[in-house]
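> Chains as they are written, first to last, in the numbering used here: chain A, 259 to 795; chain B, 259 to 795.
2 protein chains.
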Amino acid sequence: MTLLEWQNKILIIDMGFRFPEEDMPGIDFIIPNIAYLKGREKDVVGLLITHGHYDHIGAIPYLIGKIDPKLPIYASALAKGIITKRQDDFSQQGKLNVETVKNGSRVELGPFKIEFFRQNHNIPDNLGLVINTPVGNIVHTSDFKFDETPVNDLPTDFSKLKEIASRRVLLLMADSTGAENEGHSLSEQTISANLEEIFQKSKGRVIAATFSSLINRVQQLITISEKHGRRVFIEGFSMRTNVEISRNLGYIKFKKGTLVQSKDIAKYPDEKITVICTGAQGEGQASLMRIANREHQFIRLKKGDAVIFSSSVIPGNEKTVQVLKDEILRQKTTVYHYKMMDIHAGGHAQIEELKQMISIMKPDFFMPIHGQYSMMAAHGEIAESVGMNEKNVVVVENGQVVALTRKTIEIEKEVIPSYYVMVDGLGIGDVGEIVLRDRQTLAKDGMFVIIAVIDRQTGKIKGSPDIISRGFVYLRESQELLDQTRKKVIGIVSQATGSEGIVNWAYIKDEIRNKVGQYLYTKTQRRPMILPVVIEV
Amino acid sequence: MTLLEWQNKILIIDMGFRFPEEDMPGIDFIIPNIAYLKGREKDVVGLLITHGHYDHIGAIPYLIGKIDPKLPIYASALAKGIITKRQDDFSQQGKLNVETVKNGSRVELGPFKIEFFRQNHNIPDNLGLVINTPVGNIVHTSDFKFDETPVNDLPTDFSKLKEIASRRVLLLMADSTGAENEGHSLSEQTISANLEEIFQKSKGRVIAATFSSLINRVQQLITISEKHGRRVFIEGFSMRTNVEISRNLGYIKFKKGTLVQSKDIAKYPDEKITVICTGAQGEGQASLMRIANREHQFIRLKKGDAVIFSSSVIPGNEKTVQVLKDEILRQKTTVYHYKMMDIHAGGHAQIEELKQMISIMKPDFFMPIHGQYSMMAAHGEIAESVGMNEKNVVVVENGQVVALTRKTIEIEKEVIPSYYVMVDGLGIGDVGEIVLRDRQTLAKDGMFVIIAVIDRQTGKIKGSPDIISRGFVYLRESQELLDQTRKKVIGIVSQATGSEGIVNWAYIKDEIRNKVGQYLYTKTQRRPMILPVVIEV
Chain A
259 MTLLEWQNKI LIIDMGFRFP EEDMPGIDFI IPNIAYLKGR EKDVVGLLIT
309 HGHYDHIGAI PYLIGKIDPK LPIYASALAK GIITKRQDDF SQQGKLNVET
359 VKNGSRVELG PFKIEFFRQN HNIPDNLGLV INTPVGNIVH TSDFKFDETP
409 VNDLPTDFSK LKEIASRRVL LLMADSTGAE NEGHSLSEQT ISANLEEIFQ
459 KSKGRVIAAT FSSLINRVQQ LITISEKHGR RVFIEGFSMR TNVEISRNLG
509 YIKFKKGTLV QSKDIAKYPD EKITVICTGA QGEGQASLMR IANREHQFIR
559 LKKGDAVIFS SSVIPGNEKT VQVLKDEILR QKTTVYHYKM MDIHAGGHAQ
609 IEELKQMISI MKPDFFMPIH GQYSMMAAHG EIAESVGMNE KNVVVVENGQ
659 VVALTRKTIE IEKEVIPSYY VMVDGLGIGD VGEIVLRDRQ TLAKDGMFVI
709 IAVIDRQTGK IKGSPDIISR GFVYLRESQE LLDQTRKKVI GIVSQATGSE
759 GIVNWAYIKD EIRNKVGQYL YTKTQRRPMI LPVVIEV
Chain B
259 MTLLEWQNKI LIIDMGFRFP EEDMPGIDFI IPNIAYLKGR EKDVVGLLIT
309 HGHYDHIGAI PYLIGKIDPK LPIYASALAK GIITKRQDDF SQQGKLNVET
359 VKNGSRVELG PFKIEFFRQN HNIPDNLGLV INTPVGNIVH TSDFKFDETP
409 VNDLPTDFSK LKEIASRRVL LLMADSTGAE NEGHSLSEQT ISANLEEIFQ
459 KSKGRVIAAT FSSLINRVQQ LITISEKHGR RVFIEGFSMR TNVEISRNLG
509 YIKFKKGTLV QSKDIAKYPD EKITVICTGA QGEGQASLMR IANREHQFIR
559 LKKGDAVIFS SSVIPGNEKT VQVLKDEILR QKTTVYHYKM MDIHAGGHAQ
609 IEELKQMISI MKPDFFMPIH GQYSMMAAHG EIAESVGMNE KNVVVVENGQ
659 VVALTRKTIE IEKEVIPSYY VMVDGLGIGD VGEIVLRDRQ TLAKDGMFVI
709 IAVIDRQTGK IKGSPDIISR GFVYLRESQE LLDQTRKKVI GIVSQATGSE
759 GIVNWAYIKD EIRNKVGQYL YTKTQRRPMI LPVVIEV
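#1: Report yes if the C-beta distance between glycine 729 (chain A) and aspartate 696 (chain B) is below 9 Å; otherwise report no.
#2: Under 9 Å, Cβ to Cβ, is there at least one residue of chain A near isoleucine 719 (chain B)?
#3: Got a sec: which bits of the segment 332–352 of chain B sit with their beta carbon under 8 Å from any beta carbon on chain A, in order along the chain?
#4: List the residues of chain B whose Cβ lies closer than 9 Å to the Cβ of glycine 690 (chain A), in chain order.
#5: Alpha helix (DSSP H) containing threonine 780 (chain A): first to last residue?
#6: Buried or exposed, going by whether 16 or more other CB atoms sit within 10 Å of the CB of asparagine 500 (chain B)?
#7: With the cut-off set at 9 Å, would you say aspartate 221 (chain A) and histidine 379 (chain A) are in Cβ contact?
#8: May I ask you to verify whether the segment 654–661 of chain B touches the segment 450–467 of chain B, counting CB pairs closer than 8 Å and requiring at least 3?
#9: By DSSP's criteria, glutamate 668 (chain A) is part of a beta bridge. Which residues make up the other side?
#10: Could you please give the first and the last residue of the uninterrupted beta strand (DSSP E) stretch that includes leucine 387 (chain A)?
#11: In angstroms with no decimal places, state the Cα-to-Cα distance between alanine 337 (chain A) and histidine 311 (chain A).
#12: Closer than 7 Å, Cβ to Cβ, to anything on chain D: give me those residues from the segment 696–726 of chain B, in chain order.
#13: List the residues of chain A that valine 359 (chain B) touches, going by C-beta distances under 8 Å, in chain order.
#14: If we count the other Cβ atoms within 10 Å of its Cβ and call it buried at 16 or more, is methionine 598 (chain A) buried or exposed?
#15: Inspect the CB distances between the segment 567–586 of chain A and the segment 360–369 of chain A and report whether three or more fall short of 8 Å.
#16: Closer than 7 Å by C-beta to leucine 444 (chain A): which residues in its own chain qualify, once you throw out the five before and the five after it? Chain order, please.
#17: Compare the C-alpha of aspartate 622 (chain B) against each of B:Ser483, B:Glu648, B:Asn439 and name the closest.
#18: If you reduce the DSSP assignment to three classes, tell me which class leucine 546 (chain B) lands in.
#19: Of the residues that make up the segment 558–583 of chain B, which ones have a beta carbon closer than 7 Å to any beta carbon in chain A?
#20: Let me see if you follow: with CB-CB separation under 9 Å, is methionine 787 (chain A) close to chain B or not?
#21: Indicate whether at least one CB of chain B lies closer than 9 Å to the CB of tyrosine 765 (chain A).
#22: Give me the subset of the segment 678–689 of chain A whose CB atoms are less than 9 Å from a CB atom of chain B, sorted by chain position.
#23: Taking the CB atoms as reference points, tell me whether valine 774 (chain B) and valine 747 (chain B) lie closer together than 9 Å.
#24: Of all the CB atoms in chain B, is at least one closer than 9 Å to the CB of leucine 517 (chain A)?
#25: Anyone know if the C-beta pair for isoleucine 318 (chain A) and leucine 305 (chain A) falls short of 9 Å?
#26: Under 9 Å, Cβ to Cβ, is there at least one residue of chain A near alanine 607 (chain B)?
#27: Counting only the same chain and skipping the five closest in sequence on each side, list residues whose C-beta sits under 6 Å from that of phenylalanine 416 (chain A).
#28: Take the Cβ of aspartate 433 (chain B) as the centre, count every other Cβ of all protein chains shown within 10 Å, and call the residue buried at 16 or more, exposed below.
#29: Let's see if you can read the secondary structure: which residues bound the beta strand (DSSP E) around asparagine 395 (chain B)?
#30: May I ask you to report which of helix, strand or coil DSSP gives phenylalanine 348 (chain B)?
#31: Does any residue of chain B have a CB that is nearer than 9 Å to the CB of valine 593 (chain A)?
#32: Given a cut-off of 9 Å on the beta-carbon distance, is the pair histidine 628 (chain A) and valine 653 (chain A) in contact?
#33: For alanine 635 (chain A), which residues in chain B fall below 7 Å Cβ to Cβ?
#34: Determine whether the Cβ of serine 443 (chain B) lies closer than 9 Å to any Cβ atom of chain A.
#35: From which residue to which residue does the beta strand (DSSP E) around arginine 364 (chain B) run?
#36: Against serine 632 (chain B), what residues of chain A qualify as contacts under a CB-to-CB distance less than 8 Å, listed in chain order?
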């Protein structure tokens, strides 16, 4: 999410989410921090959406209501379709106010005059932005790549890019995701050719897994299947939803009869079957995982099947994908993945394309956007390598503020709030550092609750302290450890309550926590979370 | 770990550990399952160690005592040094019985006659095995690669390999780790040249991170540093330990005065400093992480520093390494990593080398070893591609048993126990599926303990139920939720104990667990682990 501000009018670009890090168990995703907009909701003039991927639209249902449920949103037809469909999951919210825009559309919002232009990516209907502001033109590339032979899309329109450049670009904000990759991204035509080769070789079923958001790849697989007389089975909820939306809007096309329901798969011979499914990242509940684990209702793997992983592996998923691939190979199928041949192209411009974009736009100032810090830093260096002055390039992170004038660009000293806002179930931002740290501790060595009921009259423990422990040791085989712990607790309490005077329960709890903690660590070298409960009766 | 068995005599090859998967929080590592050896300890004739990496020696302290604390272990000088040093951490155990072997050593153990031969890898003193058995010769490659221009080691001795082959190889067991990588592994000479280029360019300090077990890489970095007049600072406990062991045994050499203590780093100009440290995988407590996070006692990053990641990224660590790299780049240093230039070579033969090994050995039978299933499967296909018959190639996994005769090889139907044995602190194998599942649940949504004290006389709850929750919601901001839950619990108890008759405490607990669970899910869409405690007074 990016904010542009001019004299108290604020324009928002994109509203996506990102997935949590490994040390954030239970978190569904992380959404933009909009604390800066608090009290300024009515200053927001609109939300521009570049394309329909979740890292650009995913936070809308969580944030739009906090800004203005009726805020005008501008999105392409496909992006609008995906946004609207998703809104069904948030039925308590009203209808969104989405206006459809397309290549060439112009919109005026407060001091900002926006023109949308077509950019290639791996989803159709992706739009770059030319934003005319009182200080000059800002060009926002959206996620993009150059492709002169795309699939399911028009080739990059370089003359349009040059026309935009001719109006003079004050600031270029460009996608950095591919800035660490040499050369030029692969054309989708190359991918098609390689996929076709696999189809030609395969005598059995072809099972192709990819992202459900990779609409153009799905179209490729359908087209090739039709060419080879194969029926297509779409597996996975999100895949089916996206195919349906895209089909209704005309972004995915297939012949009558091509799509078949999966319950009918047994009716067709293997060599006439293509399965397009989710799960190329090894996601636990996705179709490919269920197929591999023999949990799918209709599909079991067998010798002769060809399984295609038509996607790269998102960092962090490598191990899971390896486990999935192993499981598939054990079933004697043939596996094709992107390291073996070019059956996946990323959607992002690589170094040579990024140079070209900067060279075309010739901006006064340059700001890398999208991707990890290392990618933006690399993109900054790319800008310098094509002649930009270091002082005209700003590499910034979430929360930083850039002041732009006709002649200058500067990173401000003050930052705006950008701490993580985490979504977990229905909770938005209620899981903070404390809850997360507790989850990490619980995950590592489990927990250990000690319940001591103390007789108010005698100051003695009644009966034996109760112990509830989970995730620490296997209790049935640890009776000795538990017995010793109980004795320790009885000792601690009787020592603390033995003498006359007022009993300090907080002190007793601390003593139990520390001494039992120490004892358990000595015995096991584990540190479960220890929770003493003292009940006075 | 591999077992060879002939008429009740068992020979063990290697005894390593592996690191846990992502869904095994708190687990330190996984060690081989030796249930098969139970009751047969005295049949074991010895343990052969191929080299000193932890995935080949790491489980010795955990398992040797269960087999025979005095079992003869055969290892090269360096491997012995590392094994013996590690044993210091297990002071309650006696001295190990390790005999030093080297290239050309011969040992006879029961029916097995073993000859050790030199193999290149990324640690010196790596030994392949020729095992003469009553049915024929088995060749075990150890981890290996072919390198005609290695660093700190002799070039591959192809004539020796041919001599071994000339004795006829019944079974070849070969390292599969590189079986999915095209071509030939890089020679360490190439790596040296590229590292040297970085040293030449760098005007400031060079900070090179790698695995502490990559002894040869450490030697390379020392040699280049000496050439450029740089002092060397070794950072990280395991790095220092391994350098010390290797130096004492003559496997790492440096001039007098090259090595300097880190507290003296301020005494030298930046261009005369090389830091060699641990942490290239983003390990939380390793030196590079502490340097990047400004937690290192003596070293802070600054502009002009060059940080080299001289290692590949182990699958599963990509995200952590990205975060570390970003943090380093923010401090305006230059970062070099293996995707930018060849500054790391794996220690494993790639497809062309693997073909060559099989072609030299011309074994009757072939068994891929080491690596993931997909790598062993690929290695099996490599064997077939150089002419081996499919039926003479066996791809097996942990727990499978292969019957080998002079004329046949066959995978037996029966398997031996191979379930994971997990080490967590002092516990070996005591963390099983139940404990692990609890940890996963606790990590995801935390826990929720409800303590109800019930008056035996009235069947009513005394006071208000206590609630202890961690990792679920931020309690201070959830008073309403907690109050409602308490009311629910009071209602459940009074309903269950209201009528006459015997009170079923188990039923009450179940009711609390289910109804409170449901209630919390409705309100939060989270499923904490609910633990009801009912105390009767």
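For every residue, glycine included, the Cβ atom is placed at its ideal position computed from N, Cα and C.
Per the coordinate set shown:
#1: yes
#2: no
#3: none
#4: Residues of chain B passing the Cβ test: Tyr732.
#5: 763–782
#6: buried
#7: Coverage of chain A is limited to positions 259 through 795, which leaves residue 221 (chain A) absent and any answer about it impossible.
#8: no
#9: Paired residues: A:Ala661.
#10: Following the DSSP letters along the chain, one finds leucine 387 (chain A) inside the beta strand (DSSP E) bounded by residues 385–391.
#11: Looking at the backbone, the Cα of alanine 337 (chain A) and that of histidine 311 (chain A) are separated by about 8 Å.
#12: No chain D appears in the structure shown, which is made up of the protein chains A and B.
#13: Within 8 Å Cβ-Cβ: nothing; valine 359 (chain B) doesn't reach chain A, min ~34 Å.
#14: exposed
#15: no
#16: Asp600, Ala603
#17: B:Glu648
#18: helix
#19: Flagged, chain order: Pro573, Gly574, Glu576, Lys577, Gln580, Lys583.
#20: yes
#21: no
#22: Asp682, Gly683, Leu684, Gly685, Asp688, Val689
#23: yes
#24: With 9 Å as the cut-off, leucine 517 (chain A) does not count as an interface residue toward chain B.
#25: yes
#26: Judged by the 9 Å Cβ criterion, alanine 607 (chain B) is not in contact with chain A.
#27: none
#28: buried
#29: 394–398
#30: coil
#31: yes
#32: no
#33: Under the 7 Å cutoff, chain B gives Leu587.
#34: no
#35: From DSSP, the beta strand (DSSP E) with arginine 364 (chain B) extends over 364–367.
#36: Gln580, Lys583, Asp584, Leu587, Val593
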